[in-house]
Structures are given as C-alpha cells and as structure tokens.
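Trainee: My questions will all concern the structure given below.
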Amino acid sequence: MTGSDLEDRLARLADGEVSAPTPRPDDLWKRGRRWQRRRRVFAAVTGAAVVVLASGLVTSVLPFMDTGAPDAGPAANEVAPRIPDRLFEPSPWLGTLPDEPVVAVMDALRGSWRGTDLGLVGISALTGEYGFLDLPDRAGDAVALSPDGERLAYWLAGEPAGEPAGEPQVDFGQTRPTVGVVVRDLRTGEEHRHHVETEHGLRGWSLFWMDEDTLVFDYGQFTVGASAPEEDQGGSVSEGALWWRPGESAPVKWPWRRQVPSVEFWSARDGDLLGTDGEAGLIMLDAGQGKRTPVQGDAGAEVSSSQVSTVALGPDMQVALIGSKRSQQTPNRVWVSRLTPQGEGLALADRTAIPGVRKAYGLLGWRDGDLLAMMTVAGEGTAPDRTGVVAVDPATGDRHPVVTESGETGLSSWQLARGLLETAEVVEGRQPPDPLDPRLAVALWAGGLVVVVLGAFLVWRRRGRP
C-alpha cells in the first residue's frame, strides 16, 4: 500500500464513507467477563504452580540447614539394643543420627554443597536407622566402637599445643593435625577429651576397648613438620600407650610397652586380655592386677582386616584361633582350645579344628556357645556368596548367618559392636533411604520455577487485553 492510498482511505473514513463495525454493548460485557475469568483462572494456576515449586525448592534446601539432631525420646531409651541381620550401602545424603547407641559404624562419603567429604555412618541399635554422626573435630584416623555400642573413641584434630609448638604435620589428607583422643557417649552426646602436648602432631596407632568403660590407646609423635624434606617425612616416635576410664580418671601409662592390645590380634573378656606381640607367642594380661602370664601354644595366623581378630577369648576360658604358625594367610581353618594352668603360666589344651570350616577371615566373639566368625555365606540360587558374620557350633561345624551385607561395600568395611553381637536379639535389617542429591533437586525445582514465572509473563503479555 502506497502513501497516497493510505491518505485516501483515511480521508474517506473521516468523511463517513467507510463504515466500521461497532460491537454491541452486550458483546462488550460478555467479552470483558470472559477476559476477567481467564485472568483469574490463569492467576490461580500460576500462583499454585509457584507455591508448589517454591515449596519443593525449600524442601530441597532443608537437608543442608543445621536444624540439630532430634532428641531420643524416653521410650527409645527403654528399647533393648538389636542387631540387624543385614547391612546395606549408605547414601551420601543421609541425615544426622540422633543421640543413640549404635550397632555398627563405617567410614563413608558424606554429601554437602561443596561436594563430598569423609564422614562416619552409624546404625542405631534401637531403631535400625542409618545416619551420619556429627564429629566436626575428628581426625581422619581409625575409630573404635565400644562393645555395647554406647561409646565411640576417635582421634582429635586441632592445633599443636606443645613446647615448642612447631609446624603441624597432617596425615591421611586432613587439614588439621591429630592432637589427642575423644570418647563420646553416643546416648547423651557428652564428650571426654584428652589433649596431648605435641610439637608437630600425632599419628594414631591403636584404639582398643578392654571393656565398655576402659580404652587403651597408642600413638606416635611426628618428628618433623609438613614442609620438611621428603626423606624425613613419615617418622614418628612412640611415647608409650595409655589406658583410660573416661569420666572416672585421667589416662595412665599402660604397663607393658611391648604388649599393646589391638583389635586384629587381641581379645578381651571380664578384665582379661589374650593376644600376641608377634614374637613371644600368646600372652594373657590382667591390667587391673598388673599381671602378665605367658600362654603356651600355637598363636595362629595373622588377619588382614582391622575389623576382625585372629583370636577370640570366650566364657569358661574357651579360646578360638585362626590358622596356625605354618599357615599365616587368611581365609583359614579355625581351631578351638581351652586355657589350662601349666607351671607358672597357661597352656592351650585340647586343640581341635572346627569341622568343615576352612575359609574363615577372622573372629568376632562368642554367642550362646557358638563362635562368631567372618566367613562366606552361601547365596540363594545363582547369587554369589557374600561375606557375613556366621555363628558356628565348635563341636559339629553347624553354622547359620547372623549378619550379612548387601551392596558393594562389603561387611568388612563395617565395625560392629562386638558385645551386642554376642548378646543382642537379631532382627530383620531395614534398608536405609536413598534420597536424591539435594543439589540436583534444587536445580530442578529452581528451573521449573523460572519456567513457570517466565511462561506466565509471556502469556500475560500476549493476553493482557480483552
């Protein structure tokens, strides 16, 4: 259309030569009402969508907000501890476990906004719930769970406080050096801390529970700081082990420098400890009386896992051992004996192999007269064999599984409360939740919210008039 045509049409319109349809008043009313209804419906739908998406966004953020661990109610404290018959792979996005005794703990990756960090997962002995234990000052060394699952011992991370206070030395990729030991009451959350004067930091060697109340721990003092030449790195010097009843007395020197108990090679019962120092064979220790008694007999093989032992001291002076001096590798046979007096010492009498047991990886204790051992458990159908805690009749070799694993981690990654293994009721294990990564959930909900708001704006722009 040219400029002259447009001018001609405008002139004709001004002179009334072109008729323009004018809506009737009732049509205008109907159109306005329809437009108003559409606006109300559109606003309601958009508002509902925004509320839903915003609620999802807030819910996704809540797992990362510090709301504190829930308190264990009085009823929960009256529940008897129980052992789950199966342990599952924990999710990095589990919540925090409340203050309760636990039946097992395991190092696992814990998710956060920054990524993942090393954390400690526990399984409640009262409810079977999985969750992380909040241990902000834990050093990246081993932990030790008391036999009754009521206390947890771990190495303390902090700043060196010695004379002189030298350059820190860190281990296992942690950012702060080890400077002491902590014992935490898992039922109340109360902590007892023992700080060690150190110039560069400590290397934690051994944490061992003699009983529910007594801890033996051993460590070395690092000799140089982190910036020392590479050839000088890694050296540490022992100051001797200590034993400690947290809340009752300060740590005192362990009487026997060469016989420091460790989980792999020692077993404790009723104040007695039976184990080996690797040279003198078996030794019986009574720390309360300061008594050391040699034991004649085969000390057995070594085990490769820090979660099981080569020896298990049972009621009525029963003893079980893995392998023999001639067969130092596990899995291996299991031998049972009985401690008897011999001269000024003790001896292992009536040494007998448990029938049919040839592939045990380690020992954990005794349960109703049966030996608790880590060994393979036959799978169902074509499923592969799994490793589990098996109760074995020492006379007949009859066995039945007590605890098995489910997942890729393996039971050997879990540290079990050995006293509960011997006494607590075994119940069906509860599979823990597997929540979605909250960071992904936040991204999805936020993206949906943006799409809804942007879409609402575009629709409003297009339909903003009747």
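Take any residue in the sequence shown, note its place counting from 1, add 2, and you have its number in this note's numbering. Every residue gets a Cβ at the ideal spot worked out from N, C-alpha and C, and that includes glycine. As the structure is a computational prediction, the values presented were derived from the model and not from experiment.
Which residues share a DSSP beta bridge with W211?
Mentor: Answer by DSSP bridge pairing, in chain order: L217.
Trainee: In chain order, what residues of the same chain lie with their CB nearer than 7 Å to the CB of E169, ignoring the 5 residues before and after it?
Mentor: Excluding residues within five positions, the ones whose Cβ falls inside 7 Å are H202, G227, A228, S229.
Trainee: Compute the distance between the beta-carbons of R205 and Y221, then report whether it is under 8 Å.
Mentor: In contact: R205 and Y221 (Cβ atoms closer than 8 Å).
Trainee: Contact between the segment 305–312 and the segment 282–295 is defined here as three or more beta-carbon pairs at a separation below 8 Å; is this criterion met?
Mentor: With a cut-off of 8 Å, the segment 282–295 and the segment 305–312 do not count as touching, because too few Cβ pairs lie within range.
Trainee: Cα separation between S264 and T180?
Mentor: Answer to the nearest angstrom: the Cα atoms are 19 Å apart.
Trainee: Out of T425, G236, L147, E427, which has the shortest C-alpha to C-alpha gap to V104?
Mentor: Of the listed residues, the one whose Cα sits closest to V104 is L147.
Trainee: To the nearest angstrom, how far is it from the Cα of E346 to the Cα of D150?
Mentor: If I take the Cα positions, the gap works out to 34 Å.
Trainee: Would you decide whether R84 is buried or exposed? Buried here means 16 or more other CB atoms lie within 10 Å of its CB.
Mentor: Under this definition R84 is a buried residue.
Trainee: When the Cα atoms are used, what is the spatial distance from D109 to H402?
Mentor: Their backbone Cα atoms lie some 28 Å apart in a straight line.
Trainee: Taking the alpha-carbon of S238 as reference, which of F224, W245, P231 has the nearest alpha-carbon?
Mentor: Nearest of F224, W245, P231 to S238, Cα basis: F224.
Trainee: Within 10 angstroms of the Cβ of L92, are there 16 or more other Cβ atoms? Answer buried if so, exposed if not.
Mentor: Note that residue 92 corresponds to Pro in the displayed sequence, not to Leu. It counts as buried.
Trainee: Among P435, P94, P138, W256, which residue has its Cα nearest to the Cα of M212?
Mentor: Ranking P435, P94, P138, W256 by Cα distance to M212 puts W256 first.
Trainee: Contact check, V336 vs A375 under 8 Å by CB: the rounded distance?
Mentor: The Cβ separation is near 6 Å, so the contact holds.
Trainee: For D68 and E193, I'd like the C-alpha separation in whole angstroms.
Mentor: Unreliable positioning characterises D68 in this predicted model, as indicated by a pLDDT of 44, which lies under 50. The coordinate reading is nonetheless provided below. Distance between the alpha carbons of D68 and E193 is about 20 Å.
Trainee: State the CB to CB distance for the pair V394 and V405, rounded to an integer number of angstroms; the pair is presumed to be in contact (CB under 8 Å).
Mentor: Not really, about 14 Å apart at Cβ, beyond 8 Å.
Trainee: Out of L158, L188, E232, L209, which has the shortest C-alpha to C-alpha gap to T200?
Mentor: It is L158 whose Cα lies nearest to the Cα of T200.
Trainee: Do you know whose CA, among A419, L348, A355, lies nearest G299's CA?
Mentor: Checked all of A419, L348, A355; the closest Cα to G299 is L348.
Trainee: Assuming E102 and L188 are in contact, meaning their beta carbons sit under 8 Å apart, how far apart are those beta carbons, in whole angstroms?
Mentor: That pair is a contact at about 7 Å.
Trainee: Report yes if the C-beta distance between Y156 and V172 is below 8 Å; otherwise report no.
Mentor: Going by C-beta atoms, Y156 is not nearer than 8 Å to V172.
Trainee: If the criterion is Cβ atoms closer than 8 Å, does the pair G316 and W245 meet it?
Mentor: Contact flag unset, no.
Trainee: Considering only the beta carbon of each residue, do L122 and L137 sit closer than 8 Å?
Mentor: Contact: yes.
Trainee: Assuming contact is defined by CB atoms lying nearer than 8 Å, are L365 and P396 in contact in what I supplied?
Mentor: Cβ atoms of L365 and P396: not closer than 8 Å.
Trainee: Using three-state DSSP, classify G421 as helix, strand or coil.
Mentor: G421 falls in the helix class under three-state DSSP.
Trainee: With the cut-off set at 8 Å, would you say L111 and P94 are in Cβ contact?
Mentor: Going by C-beta atoms, L111 is nearer than 8 Å to P94.
Trainee: Only counting the same chain, and skipping five residues up and downstream in sequence, which positions put a Cβ closer than 6 Å to that of G283?
Mentor: A301, listed in sequence order.
Trainee: Can you list, in chain order, the residues of its chain with a C-beta nearer than 6 Å to that of A355? Leave out the 5 residues immediately preceding and following it.
Mentor: Cβ within range, chain order: R335, W337.
Trainee: Excluding sequence positions up to five away, which residues of its chain have a Cβ less than 7 Å from the Cβ of D288?
Mentor: Around D288: G273, D274.
Trainee: Which same chain residues, not among the five before or five after R186, have their C-beta less than 6 Å away from its C-beta?
Mentor: If we look at R186 and ignore the five residues flanking it on each side, its Cβ neighbours are L154, E193.
Trainee: Taking 7 Å as the limit between beta carbons, can you name the residues of its chain near W207, skipping five residues before and five after?
Mentor: Excluding sequence neighbours, W207 sits near D220, Y221, G222.
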